[in-house]
Amino acid sequence: MFIDELPSKKIGYLAPRHVSDNGPYEFYRLAPPGVMLVMVSCGLDEFTLEDVERVFKPLDRLLDLLMERDVDIYSQTGIPLPCLLGIEAHAALLKHIADYTGRPATSQLHNAMAALKHLQIERETGKPAVCNIGGMVWA
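Under the numbering used here, think of the first position of the sequence shown as 401, with each following residue one higher.
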């Protein structure tokens, strides 16, 4: 029946660029049945701090769009964005998303680091899993 096809979980993505092509394709190749991707474009034109700050100014309006779809978790996607913002601003952004929506918030960068740790990269290399992008170290 149709009711069996309804999603059991929804992941809300704040997608950085105007157009998303491979992201949804990759998501549905990996996601289990019953998980839906709900994307909102932030409208990033260029990878500069000024443009990142511009696209996050209407953040609450973007979150409202995702909240209308009753998503279960929010994810800021695009690793260059937190690198341009900096560690503290990125953490503040995720905290604001979680506080505003009342749901968990994560980011593509946090997910990548969690995956490295889960795969026990430290055991293989003898060093903790870290990401050094633009001179900032994320552990």
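Here a beta-carbon is modelled for each residue, glycine too, at the ideal position from N, C-alpha and C.
Since we're looking at a predicted model, the values are computed, not measured.
Between Ser475 and Tyr413, the CB-CB gap stays under 7 Å. Nearest C-alpha to Glu453 among Pro416, Leu406, Met513: Pro416. Here the alpha carbons of Phe456 and Ala505 stand approximately 15 Å from one another. If you check the CB distance, Pro482 and Leu509 come in under 7 Å. For the options Ser420, Met513, Leu484, the alpha carbon positioned closest to that of Val438 is the one of Ser420. Closest in alpha carbon position to His418, among Glu468, Asp470, Val440, is Val440. The alpha-carbon separation between Tyr500 and Val471 amounts to approximately 13 Å.
Tyr428 has its alpha-carbon roughly 27 Å from the corresponding atom of Phe447. With a cutoff of 7 Å on beta-carbon distance, Ser408 and Gly443 are scored as not near each other.
Taking Leu465 as reference, the option from Ala431, Ile497, Lys517 with the minimal CA-CA separation is Ile497. In this model, Leu459 and Ile411 are separated by some 17 Å (Cα to Cα). In this structure, Leu449 and Leu484 form a Cβ contact; the two beta carbons are roughly 5 Å apart against a cut-off of 8 Å. For Gly423, no beta strand (DSSP E) encloses it; the enclosing alpha helix (DSSP H) starts and ends at 422-430.
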